[in-house]
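K.L.:
The opening position of the sequence shown corresponds to residue 1 in the working numbering, with each subsequent residue numbered one higher. Backbone N, C-alpha and C fix where the C-beta goes; we use that ideal spot for every residue, glycine too.
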Amino acid sequence: MGPHRRDTRTMTVTVVPSQQVLNPQLEIAGGRRLSGEVRVSGAKNSALVLMAASLLTEDTLRLRNVPPLTDIAGMGEILASLGVGVRRGSDSIEMDGSGLNQSAPPYELVNSLRASFFCIGPLLAKLGIARVPLPGGCQIGTRPVVEHVKGLKALGAQVTIEHGVVSAVVPGRGHRLKGGRIHLDCPSVGATETLMMAAALADGETVIENAALEPEVVDLAGLLIAMGARVRGAGTPTIRIVGVERLHGADYAVIPDRIEAGTLLLAAAITRSTLTVGPVITDHLGAVLTKLEEVGCRLDIDGTCVTISADQIRAVDLRTQPFPGFPTDLQAPFMSLLATAQGTSVITEHIFENRLQHVGELQRMGAAIRMQGNTAFIEGVHRLSGAPVKGSDLRASAAMVLAGLAADGITTVQGLEYLDRGYADLEGKLNAVGATIRRVG
Ligand code: EPZ
1 MGPHRRDTRT
11 MTVTVVPSQQ
21 VLNPQLEIAG
31 GRRLSGEVRV
41 SGAKNSALVL
51 MAASLLTEDT
61 LRLRNVPPLT
71 DIAGMGEILA
81 SLGVGVRRGS
91 DSIEMDGSGL
101 NQSAPPYELV
111 NSLRASFFCI
121 GPLLAKLGIA
131 RVPLPGGCQI
141 GTRPVVEHVK
151 GLKALGAQVT
161 IEHGVVSAVV
171 PGRGHRLKGG
181 RIHLDCPSVG
191 ATETLMMAAA
201 LADGETVIEN
211 AALEPEVVDL
221 AGLLIAMGAR
231 VRGAGTPTIR
241 IVGVERLHGA
251 DYAVIPDRIE
261 AGTLLLAAAI
271 TRSTLTVGPV
281 ITDHLGAVLT
291 KLEEVGCRLD
301 IDGTCVTISA
311 DQIRAVDLRT
321 QPFPGFPTDL
331 QAPFMSLLAT
341 AQGTSVITEH
351 IFENRLQHVG
361 ELQRMGAAIR
371 MQGNTAFIEG
381 VHRLSGAPVK
391 GSDLRASAAM
401 VLAGLAADGI
411 TTVQGLEYLD
421 RGYADLEGKL
431 NAVGATIRRV
441 G
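#1: When you compare the CB positions of A315 and I270, do they come within less than 9 Å of one another, or not?
#2: Taking contact to mean at least 3 C-beta pairs separated by less than 8 Å, is the segment 387-400 in contact with the segment 416-423?
#3: Could you give the distance in angstroms between the alpha-carbon of A202 and the alpha-carbon of G151?
#4: Are the beta-carbon atoms of C442 and T276 separated by less than 9 Å?
#5: Suppose contacts are defined by Cβ-Cβ distances below 9 Å. Is S98 in contact with G85 by that definition?
#6: From G303 to I72, what distance separates their C-alpha atoms?
#7: Look up M95 in the DSSP assignment and give the residues it is bridged to.
#8: Starting from the C-beta of P24, find all residues in its chain whose C-beta is less than 6 Å away, skip the five residues before and the five after it, and write them out in chain order.
#9: Measure the Cβ-Cβ separation of G386 and G30 and say whether it is below 9 Å.
#10: Based on DSSP bridge pairs, tell me the residues matched to G36.
#11: If we count the other Cβ atoms within 10 Å of its Cβ and call it buried at 16 or more, is N101 buried or exposed?
#12: List the endpoints of the continuous beta strand (DSSP E) containing I437.
#13: Skipping 5 residues on each side, what residues in its chain have a beta carbon closer than 8 Å to that of H4?
#14: Identify the continuous alpha helix (DSSP H) that holds V288 and give its terminal residues.
#15: Please report the straight-line C-alpha distance between F117 and A435, rounded to a whole angstrom.
#16: What do you reckon, are the CB atoms on A198 and L223 nearer than 9 Å?
#17: Residues in the same chain with beta-carbon distance under 6 Å from N354, minus the five sequence neighbours each way, listed in chain order, please.
#18: Within 10 angstroms of the Cβ of L426, are there 16 or more other Cβ atoms? Answer buried if so, exposed if not.
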């Protein structure tokens, strides 16, 4: 085209009205009763740390009952970036640690998955060196890793934190961690798990005091023992681990997800339905089952199946605590239920400093909630009203789905990037028992 000729070609620009360009969302028609049976998947918060344990052996580790979640896929990518061979099945995953050739997962992968910090303990134990970016905070809190770092230092590691990266190295010949005594300032689940994995290959005995008691900690101990580790006391405040020279592979089933189970039980309660949920290990949900009975639900337990039925729901008080107390991960879902209860409930969040953001979204649906610090006063209303809402974290998104099931009219829930991290096809499971949920956008 010469310098002076005008470009006469035309370009068509289509302007899509903003309301048509959707973030993925769930569209829920409320007021449906549920009935039938719902299956609980494997526990996300167990599978993620069990996957990290594959770094401790050069054999193949096979995990069964693994939930098909985005976080699981993310952890698989991180392990693969370190040289681990990763092969996914429909509900299993095989990891071959013989190819482990990196001590630093790439930042871009770690940044999107907090659980990647679980790599630091096993990498240090296996290679004597690890460089893992700080997981950083998230919507619910600052999520410090002070206890993890203090414990690794107690096992002989030199740990520095610079430019957002935790660098750890084991000095001396053989670069092998040495067993030691660790007292956790708080019963941190992640710190307990990190230190169990680090201690499994250390030279000598490690004692972890004030350890977390969560079922996922016990599940990790079960896997480590299946791999040849010497672990005693998991599920009690004092865990003793005598390090061994090497660990072998294993074929191990992940426990059912107690948080998903609780969420599904709450779906029945909030829609005043009868539903059978399983498998459930009832010891993993003691505090939750007790609260469900306190609000007026009837529970029939047959082995690992729980049949829940609900008609009148009354107010209760609830405070989140470390296991075996009421789990913080079910605080938001339970608040959705209490927003429709008769009477005024009080919920206090004791674990995370910022895990009450779902209150604002429930208020948009007509919930009558007053806040005072980390305490919510919830005056039950007869009916929530459907509205466009957004989940601010994994469990808040689930809470909004539950509220939508009970609300009058249509509720649209955004924040599916969080929901899909922790729930495998929640809408599919609920639709199969009578809900009307559509994923759009
Ligand atoms: C695990 O997180 C779970 N995540 C969380 O689930 C769960 O809410 C939490 O345990 C509590 O049960 C996984 O297992 C992947 P913590 P974790 O260390 O290990 C403080 C979900 O929705 N703390 O037990 O990070 C911390 O600030 C997620 O599935 C320190 O002060 O939890 C928090 O207030 C969310 N210093 C409390 O302890 C530390 O060094 C509990 O944290 C570590 C933690």
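P.N.:
Concretely, from the data shown:
#1: A distance of 9 Å or more separates the beta carbons of A315 and I270.
#2: The segment 387-400, when compared against the segment 416-423, does touch it at the 8 Å Cβ threshold.
#3: Answer to the nearest angstrom: the Cα atoms are 13 Å apart.
#4: Here the chain comprises residues numbered 1 to 441, so residue 442 is not present and cannot be evaluated.
#5: Result yes, Cβ atoms of S98 and G85 sit closer than 9 Å.
#6: Their Cα atoms are separated by approximately 28 Å.
#7: Answer by DSSP bridge pairing, in chain order: L61 and V86.
#8: Taking C-beta separations shorter than 6 Å and ignoring five residues to either side along the sequence, the partners of P24 in its chain run L416 and G441, following chain order.
#9: Yes, they are a contact pair.
#10: Paired residue(s): L275.
#11: Taking all protein chains in view, the Cβ of N101 is surrounded by fewer than 16 other Cβ atoms within 10 Å, so the residue is classified as exposed.
#12: If you look at I437, you'll find it in the beta strand (DSSP E) that goes I437 to V440.
#13: With a pLDDT of 49 at H4, under the threshold of 50, the predicted position of this residue should be treated as unreliable, though the coordinate-derived value follows. Answer for H4: no residue qualifies.
#14: It spans G286 to E294 - the alpha helix (DSSP H) in which V288 sits, taken as one unbroken run.
#15: A straight-line Cα-Cα distance of about 37 Å links F117 and A435.
#16: No, they are not a contact pair.
#17: Within the same chain, and ignoring the five residues on either side of N354 in sequence, the residues whose Cβ sits closer than 6 Å to its Cβ are I140 and G141.
#18: The residue is buried, with at least 16 neighbouring Cβ atoms inside 10 Å.
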